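Written out below as C-alpha cells is the structure these notes cover.
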Amino acid sequence: MELDSKIPGGPLETKWERHHFDLKLVNPANKRKYEIIVVGTGLAGGSASASLAELGYRVKTFCIQDSPRRAHSIAAQGGINAAKNYPNDGDSIWRLFYDTIKGGDFRAREANVYRLAQVSNLIIDHCVAQGIPFAREYGGLLANRSFGGAQVSRTFYARGQTGQQLLLGAYSSLVRQVARGQVTMFPRREMLDVVLVNGQARGIVVRNLVTGEIERHAAHAVVLATGGYGNVFFLSTNGMGCNVTAAFRAYKKGAGFANPCFTQIHPTCIPVHGDYQSKLTLMSESLRNDGRVWVPKKARDTRRPHDIPEDERDYYLERIYPSFGNLAPRDISSRAAKRMCDEGKGVGPTGRAVYLDFADAIQRLGKAEIEARYGNLFQMYEKIVAEDPYTTPMMIYPASHYTMGGLWVDYNLMSTIPGLFVLGEANFSDHGANRLGASALMQGLADGYFVIPNTINGYLAGTKFGEVTDSHEAFKESEAEVEARVQKLLSIKGKRTVQDFHRELGSIMWEYCGMGRTDEGMTKARKLVADVKAEFWENVTVPGSHADLNQSLENAGRVADFLEFADVMLLDGLARRESCGCHFNEAFQTEENEALRDDVNMAHVAVWEYAGEGKEPIFHKEPLKFEFVKLATRSYK
Amino acid sequence: MSGKTINLTLKVWRQPGAKAPGRLETYRAENISTDASFLEMLDIVNEGLTLEGKEPVAFDHDCREGICGMCGSVVNGRPHGPERETTLCQLHMRHFADGDTVVIEPFRARALPVVKDLVVDRSALDQVMAAGGFISVNTGQAPEANSLPVPKDKADLAMDAAACIGCGACIAACPNASAMLFTSAKVSQFALLPHGRPEAARRALAMLAQMDACGFGNCTNHQECEVECPKGISISNIARLNREFIKAALGSAEELPVIK
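Protein chains in written order, with our numbering: chain A, 1 to 637; chain B, 1001 to 1260.
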C-alpha cells in the first residue's frame, strides 16, 4: 500500500491555490459525461452532491434514511468555526489553523488543516446566502461565541441547532439539483460493497431497505461520506443508524483505515441511567461557556448539590486549567471527569457524573439571558432527566461522540483505492488525535462544498476510463457476496438478539478502549471481542425475511462489521506507543496525569491494510512533517 | 430518575407491507422503567418479540434527540403522543401510568402511505421541498456574509420557522391531511430573510402547487397542526404563506405552475 499524501510544495499559505492551478480541469461540456456516486447525505455528502451537480456532473446520491434531510449531522448543536475575526479579538486564518492542529495534539497534516482554515470563511458566506438563520446582533450582523478549546469568539451558531440548519441548507441545495435532474436520489439504500474494476472504484452494491432487493450502480467515481463509527461503543451520542459498514467494506476492498483508535469522548453528555438505554444525549459544549463544572471535595458525598457549601466544592477544571477553565478541550475535560469519578467524587445515583452548574451565570446574567442562550438544551435536559437545570445543577458525564479516525485519504481526499473519495467524519484527515468544538461542521462542509468539487476534476481528467456497466463481472461477484452474507445472517437462527451482541461489544470497548487505555486491557479486549464475534456468527437470531423492510437484518449487518472493525481499533490503540489527544494509554502520562506524546517515534498517521479473512491487518505509516509549526506540549493551564 | 417501573398493554398497528391489510395486535410491555423513553420501551418489546422468533415492530427512528424528524407515530390518537412540543423519542414513560393501554398507529394520510407497521413513506415532503424550498445559490457565488444585514427580530422569526424537523406530525394531526404548516415554515424562513426575497413569489407558488399535486389537503384553520408540532411551529407561518401566495399570484409576474 503506497501512501502518497500528494501535499503540494511551497509556502503553506499558497499550497491550496497552487494546487487548484495544477489540477487538470474537465471541460464544462464534458462534465455531464461523468457519473459520480455519493454515499451519505450529511453535511459532507449533501454538500458534495449539490456542488458536484452544480458543476454539471451527473450525481447519484444514496442514504439509509427515508430522506436525505435525516443524516446525523442534523444533531450537531453548538456551532461552526470560521476565521472571520468579526469580534476583532485577534483571530486569523493562521490562528484557526494553529488552534486546530494544536487541538489535535499535532497528529494531523499541516497542509490539510491550513486549507480547512482557509475555506472556513467561504463556508459562512455560502451558508448565509443559502438562507441559514444564524444568530445575529441587534445591528443585523452575525453573532459569534467562544467554544471549547478556543480563546477567541469564532463560532457561528443558530441557537442550539446549528447542525440542523447547516444540514437543511445542504439538503435544500441537494433537492434543488434533484429537481433540475442533476442528482438522482436513492433513499433507504444501504451500501454493502464498493465495486472495483481494474483497481478503480467503479460503483457500489446496495440493498434497497424497503424491497430487500440488491441493486448495482456503476459510476466513474465513488464518494463516501458515511460518517463515523462511534456506535462501536453501543452507547454514544450518534444516531441509532450510524455505522462503520460502508467504510469497513471499502477497507476490505483495499482502502487503508487510518488512526482508528482516535475516538472522541465528549465531556458533556447526560449520564447513563439504565441498562435499557439505547443512546446517550449530548448537552452542547457551549454550555461550558457559562456553566461551572464541579464535584464535592469529599469522596462519596451523598448530600444534594444545594446542601454542599461553596468551600466544599471542587471546581476542578478551573483549578487545574486556570487559563482555559471550564472551556478546556474535550479530551482533557473528559479525562478529568473520569478521574474525579474514579476517585469516588462522582455524583448522582451511579456515581458516574459531575455537576454543570449555572447558578453563578443566572445570578450574573439573569434567567432570561440564560434561557435565550441555552433554552432548548435546558428543555431537552429536563425532558430526559425530569430535573430543572435552572434550579438544580445538571449532571453530565463523557460519552462517545465523534471519531477522528477514518479511511485514509490524500490531499485530494482520495483513498488508497483510485476513484474512491472519502469526506467528512468518514475520513481521518483534519482533526488529528482530538477534534475541537465547532470544527466537525466546518470540515464536513469544507470537504463537500470546496475541496471535492476541485480535486475530483483532477482525477477524472487525468484518468482513462474503460466502459463499465453494472453487468460487469465485478458487479456480479460483489452482488453474490452481499447476497450470501444476508442469507447467512438470516439462517443462523440462534438465541441472542443483535442488540444484545452490540451492547456486549460496546461495554468491552468502553471499558478497555474508552477514556483510559492500557496494553493489558486492550490485549484482553481483543480476545473478548473475538469471542463475541465467534458467538455472533453461531448464535444470533435475525427474524423476518430478506425481501422486505427488516430492521433486525440491517442492524445485524452493521453489528457484524463493528465486531470485525473493533479489532482493528484495538490493534491501532496497542500500536500507538504514546498518549496523544483522545488516545490515553496509562503507560504514557506525565506526573500530572496528562497525555505524554512521543514526537520522535510517533508523529505519524497509522494506516491499516486489510490482509484477508483471519489475518492481522498490515501496518503502514505516513510520517507527519511539521515545517511551519513547532510541536509544543499542549498546555491549557 | 425515580427507579419506578410500570406495566402496559400495547395495541400496535401491524401491516406487513404497503398493499397488505393491517390490524392492531396486542402486546404486553412489562417492568418498564419510567425513565425509559417511549422508543426504548418499544425496543424492549421488540427484543421480547425477537426472542420469541416473531418479527419486531418496524418503526422509524434515528437520532433519538428530537431533531432528525425520523420518528413519529400516533399514540393514543395523538402524533408523537401526549406531551406538548415533544417528539416520540423524547417522550418518557413517566408520562404513563401503570396499567395503561397505549394504542400506537402510523401517521395516516393519503400522501404518506404505510411502508410497514409504523413506518410511512414521507418522500412527498422531499418533493414539496424540491419544488422551491431553497435559495438558488451555487457554491462559490456568495457575497461576504455580513454584506447584507438582517434585522435580529426577522432572523429570530426565520429561525423559529426553520426549526421544523419535517416529521409529518402536522399532516397526521390535520383533518384534511394538509401539509400547510410544513410548507409554510420553509416559505416563511426564506420570506423573512433578504436573501430569500428574489425568489419569494416563485417559491410560494411552486411549493403550494407541489403540495396539492402530492395529494395533501388544504388548510381550513383547525389549528391541530400547531398543537401537535413537536417543535412548536406557529400557524402564523401559514398566515404568512397565504400573504406570500396572494402577493405572488396577484402582484407578481410569476405564472401559477401546473404540476401533473
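Built from N, CA and C at the ideal position, the CB exists for glycine as well. Being a predicted model, the structure only gives us computed values, none of them experimental.
For residue 314 (chain A) and residue 289 (chain A), the gap between their C-alpha atoms comes out near 18 angstroms. The residues 578, 579, 588, 589, 590, in chain order, have a CB closer than 7 angstroms to that of residue 596 (chain A) in the same chain once the five nearest residues on each side in sequence are set aside.
Scanning the stretch 214 to 295 of chain A from its first residue to its last, the whole alpha helix (DSSP H) runs of 4-plus residues come out as 245 to 252.
In the assembly as shown, residue 632 (chain A) is an exposed residue. Its beta-carbon has fewer than 16 other beta-carbons within 10 Å. One finds 383 in chain A with Cβ atoms closer than 8 angstroms to the Cβ of residue 1086 (chain B), taken in chain order. Closest in alpha carbon position to residue 1050 (chain B), among A:69, A:514, A:497, is A:497.
Contact of residue 509 (chain A) with chain B by beta-carbon distance below 8 angstroms is absent, the smallest such distance being about 20 angstroms.
When Cβ-Cβ separations below 8 angstroms define contact, residue 1040 (chain B) makes contact with chain A. Within chain A, the residues 139, 140, 141 have their CB atoms less than 7 angstroms from the CB of residue 1149 (chain B), given in chain order. Going by beta carbons, residue 44 (chain A) and residue 225 (chain A) fall inside the 8 angstroms limit. Within the model, the alpha-carbon separation for residue 404 (chain A) versus residue 202 (chain A) is close to 27 angstroms.
Under the Cβ criterion of 8 angstroms, residue 1146 (chain B) is counted among the residues facing chain A. Only residues of its own chain outside the window of five on either side were considered, and among them 152, 153 have a CB closer than 8 angstroms to the CB of residue 89 (chain A), listed in chain order. For residue 185 (chain A), the enclosing beta strand (DSSP E) begins and ends at 183 to 186. Between the C-alpha atoms of residue 4 (chain A) and residue 623 (chain A) there is a straight-line separation of about 10 angstroms.
Measuring C-alpha to C-alpha distances from residue 567 (chain A) to each of A:135, A:126, A:505, A:467 identifies A:505 as the nearest.
A buried status is given to residue 429 (chain A), since no fewer than 16 other beta-carbon atoms sit within 10 Å of its beta-carbon. With a cut-off of 8 angstroms on Cβ pairs, the stretch 1190 to 1201 of chain B is not in contact with the stretch 1033 to 1050 of chain B, counting fewer than three such pairs.
Taking a cut-off of 8 angstroms on C-beta distances, the stretch 164 to 176 of chain A touches the stretch 56 to 69 of chain A, as three or more cross pairs fall below it. Taking C-beta atoms as the reference points, residue 38 (chain A) and residue 210 (chain A) fail to come closer than 8 angstroms. Residues of chain B whose Cβ lies closer than 7 angstroms to the Cβ of residue 497 (chain A) are, in chain order, 1047, 1050, 1051. Excluding the 5 residues flanking it on each side, residue 300 (chain A) has same chain C-beta neighbours closer than 7 angstroms at 344, in chain order.
The closest CA to that of residue 616 (chain A), considering only A:565, A:23, A:630, A:52, is found on A:565. Residues of the stretch 83 to 108 of chain A whose Cβ lies closer than 9 angstroms to any Cβ of chain B, in chain order: 84, 86. Note on geometry: alpha-carbon atoms of residue 242 (chain A) and residue 168 (chain A) lie some 19 angstroms from one another. Taking a contact to require three or more Cβ pairs closer than 8 angstroms, the stretch 307 to 325 of chain A and the stretch 289 to 298 of chain A qualify as touching. The C-beta separation of residue 113 (chain A) from residue 97 (chain A) comes to about 6 angstroms, placing the pair in contact by the 8 angstroms criterion. Within the stretch 45 to 59 of chain A, those residues whose Cβ lies closer than 9 angstroms to any Cβ of chain B are, in chain order, 47, 50, 51, 54, 55.
The C-beta of residue 393 (chain A) has 16 or more other C-beta atoms within 10 Å across all chains shown, which makes the residue buried. Given a length threshold of 4 residues, each whole run of the alpha helix (DSSP H) inside the stretch 536 to 600 of chain A is given here in chain order: 551 to 575. Under the criterion of beta carbons closer than 8 angstroms, residue 490 (chain A) and residue 431 (chain A) do not qualify as touching, at roughly 38 angstroms. In the structure shown, the three-state DSSP call for residue 141 (chain A) is coil. Listed in chain order, the alpha helix (DSSP H) elements of length 4 or more contained wholly in the stretch 357 to 403 of chain A are 359 to 365, 367 to 385. In summary, residue 1080 (chain B) is buried, with 16 or more beta-carbon neighbours lying within 10 Å of its beta-carbon over all protein chains present. Taking C-beta separations shorter than 6 angstroms and ignoring five residues to either side along the sequence, the partners of residue 1158 (chain B) in its chain run 1189, 1192, 1193, following chain order. Residues of the same chain with a CB within less than 7 angstroms of the CB of residue 18 (chain A), apart from the 5 flanking positions on each side, are 8, 10 in chain order.
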